[in-house]
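This report concerns only the one structure given below.
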Amino acid sequence: MRIACLAFAALAPTLACAAGEVEEGRKLVAEHRCESCHQAKTLGDASAVYLRKDRKVTSMAKLKAQVALCNSELNLGLFPEEEDHVVDFLDATYYRFSAK
Ligand code: HEC
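FYI, in the numbering used here the residues of the sequence shown are 197 to 296.
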């Protein structure tokens, strides 16, 4: 994975590396059932907690902090690297901080 990432990095710097992590993050969010709990809270669809008007997360730093909080508070057992993947996935899918 890393080697492919480096090889592609020369051609398409951001795309090559980010894509793998976003996909990894998507799987982690599904595996850890993040959405089922958020859904119970918002009574909306799976993405409602991230897109609600009064959302907590308004910057990349806050996104990282919130993922870490949900992870440790709830004992989900994500490794720091996995937290990063989840952050990449949520950013690419909902928040788009790095796209601005
Ligand atoms: C047992 C319930 C539960 C689980 C499981 C859970 N969360 Fe949460 N999460 C919450 C609650 C409750 C909030 C809302 C907190 C608030 O409004 O203060 C929240 C909020 C968030 C937010 C901020 C949304 C916003 O912009 O306001 C993010 C990001 C988030 N969770 C990520 C995750 C991720 C990633 C996972 C899985 C690895 C996860 N959560 C698992 C309960 C949970």
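By construction, the Cβ of each residue, glycine as well, lies at the ideal position given by its N, Cα and C atoms.
Would you be able to state if there are at least three C-beta pairs under 8 Å between the segment 252–265 and the segment 278–289?
yes
Unbroken stretches of the alpha helix (DSSP H), 4 residues or longer, contained in the segment 224–254
230–238, 244–247
Going by the C-beta, is VAL218 closer than 7 Å to any heavy atom of the ligand HEC?
By one-based count along the sequence shown, residue 218 stands at place 22. No - the ligand HEC has no heavy atom lying nearer than 7 Å to the Cβ of VAL218.
Suppose contacts are defined by Cβ-Cβ distances below 8 Å. Is LEU286 in contact with TYR246 by that definition?
Position 90 of the sequence shown holds residue 286. Position 50 of the sequence shown holds residue 246. Yes.
Would you please state the rounded distance, in angstroms, between the beta carbons of HIS228 and LEU259? I believe it to be under 8 Å.
On the sequence shown, residue 228 is found 32 positions in, with the first residue counted as 1. On the sequence shown, residue 259 is found 63 positions in, with the first residue counted as 1. The pair is not a contact, with the Cβ atoms about 16 Å apart (cut-off 8 Å).
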